[in-house]
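*Asks:*
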Amino acid sequence: MKKLLIILLLLSFVAVSLTAAVGSQILSSILKSSINLANMPTLKSVEINGEEVLLGGISIRKLKKNLQDHDFGSLTLEERVAIYQETHQIIGKSMFRNFLVGFGTGSQKQGDIAGQLVGQIFDWTSLTVVGVGAGIALIDVLVMLVLMQEISAEHDELLKTSLYIMAGGAGAFVLGRIVQLIMPAIYGSRYNKALRNGLYLTKKMGDSTALNFGIEPTLFLAEQPTMGVKLVANLGFTP
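For the sequence shown, this note's numbering assigns the number 35 to the initial residue and increments by one for each residue that follows.
1) Does the distance from the C-beta atom of residue 115 to that of residue 235 stay below 8 Å?
2) Here's a check: name, in chain order, each residue in its chain whose Cβ is nearer than 7 Å to the Cβ of residue 100, leaving out the five neighbours to either side.
3) When the distance is taken between beta carbons, is residue 169 closer than 8 Å to residue 153?
4) Check the C-beta distance from residue 156 over to residue 210 and give it rounded, since I have them as a contact under 8 Å.
5) I'd like to know whether the C-beta atoms of residue 97 and residue 228 end up nearer to each other than 8 Å.
6) For residue 161, which residues in the same chain have their Cβ closer than 8 Å to its Cβ, ignoring the five residues on either side in sequence?
7) Would you identify the three-state DSSP class for residue 146, choosing helix, strand or coil?
8) Would residue 92 and residue 140 qualify as a contact pair, given that the criterion is a beta-carbon distance under 8 Å?
9) Specify, as a first and last residue, the run of the beta strand (DSSP E) that residue 80 falls within.
10) Do you know offhand how far residue 192's Cα is from residue 216's?
11) Identify the residues that DSSP records as bridge partners of residue 88: which are they?
12) By Cβ distance below 7 Å, which residues in the same chain neighbour residue 131 in space, the five residues on each side in sequence not counted?
13) So residue 149 packs on residue 221, CB below 8 Å; how close in whole Å?
14) Is residue 229 helix, strand or coil by DSSP?
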């Protein structure tokens, strides 16, 4: 009995030490990934009226402010389209990075700090849960070996619990990657829409401020109703 107690105490000490080491490693990894230059957004600027204006690799709020503070409407349609093509978000690449690499690296590349943190929390939490389950299973197996007992998931409740924990962690990991796959699409769409609106462009790269003329039939109600046409001008601001 004393031998078993000593073994359990040693295993508990090892488990606590490993948990502390893993926690420290997780925190260190999050900090390192947050300042990893390879994952930092690529800042893109354009020159308007002799001034450099950042339009790429920044937050949506900063993007809207920069667009409002400068008169992009004075540029030609071709110039505005060229600016959009140079600075818009390429959503597919960020989705690919988030899903395969994970840890919010794709969102970080977009400049989406919130998305980056969500990805890191999802991945690290789920992997930690899997690690805890694996640690419990390892301790249980070692104890069973010391006691010379048969290892069976059917009769060993602790081993069964550890398997459930690992399965839950694995499920959370998959769910987290699905969420990370979606986030760049949402953020990128919002970013590109704000960029189009600020550059006065439609989705089809047309001029949203264009003045269009047309005619439409009109019924004039007077003493003697008559039909005619009238000239109509439309000034569109549809993004």
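Note that CB positions come from ideal geometry on N, CA and C, so glycine has one too. Keep in mind that this is a model prediction, so the values were computed, not measured.
*Replies:* According to the data block:
1) Indexing the sequence shown from 1 puts residue 115 at position 81. Indexing the sequence shown from 1 puts residue 235 at position 201. For residue 115 and residue 235, yes; Cβs fall inside 8 Å.
2) In the sequence shown, counting from the first residue as 1, residue 100 sits at position 66. Only 87, 88 and 89 meet the Cβ criterion.
3) Walking along the sequence shown from the start, residue 153 turns up at place 119. Walking along the sequence shown from the start, residue 169 turns up at place 135. No; because the gap between Cβ atoms is not below 8 Å, this pair is not in contact.
4) The residue you call residue 156 lines up with position 122 of the sequence shown. The residue you call residue 210 lines up with position 176 of the sequence shown. Contact holds; Cβ gap of about 3 Å.
5) Here residue 97 is taken as the residue at index 63 of the sequence shown, counted from 1. Here residue 228 is taken as the residue at index 194 of the sequence shown, counted from 1. Yes, the Cβ-Cβ distance between residue 97 and residue 228 is below 8 Å.
6) Mapped onto the sequence shown, residue 161 falls at position 127. Around residue 161: 203 and 207.
7) For the purposes of this step, residue 146 is taken as the residue at position 112 of the sequence shown. Looking at residue 146 - three-state DSSP - the assignment turns out to be coil, as it is neither helix nor strand.
8) Taking the sequence shown and counting its residues from 1, the one referred to as residue 92 is at position 58. Taking the sequence shown and counting its residues from 1, the one referred to as residue 140 is at position 106. Not in contact: residue 92 and residue 140 (Cβ atoms no closer than 8 Å).
9) Sequence index remark: in the sequence shown, residue 80 carries index 46 (1-based). From DSSP, the beta strand (DSSP E) with residue 80 extends over 78-82.
10) The count along the sequence shown starts at 1 and reaches residue 192 at position 158. The count along the sequence shown starts at 1 and reaches residue 216 at position 182. The straight-line gap from Cα to Cα measures roughly 37 Å.
11) In the sequence shown, counting from the first residue as 1, residue 88 sits at position 54. DSSP lists 79 as partners of residue 88.
12) As a first step, residue 131 must be located in the sequence shown, where it is residue number 97. Correct list, in chain order: 139, 140 and 143.
13) On the sequence shown, position 115 is the one that residue 149 refers to. On the sequence shown, position 187 is the one that residue 221 refers to. So it is a contact: roughly 6 Å between Cβ atoms.
14) Here residue 229 corresponds to residue number 195 of the sequence shown, with the count starting at 1. Here residue 229 sits in helix by DSSP.
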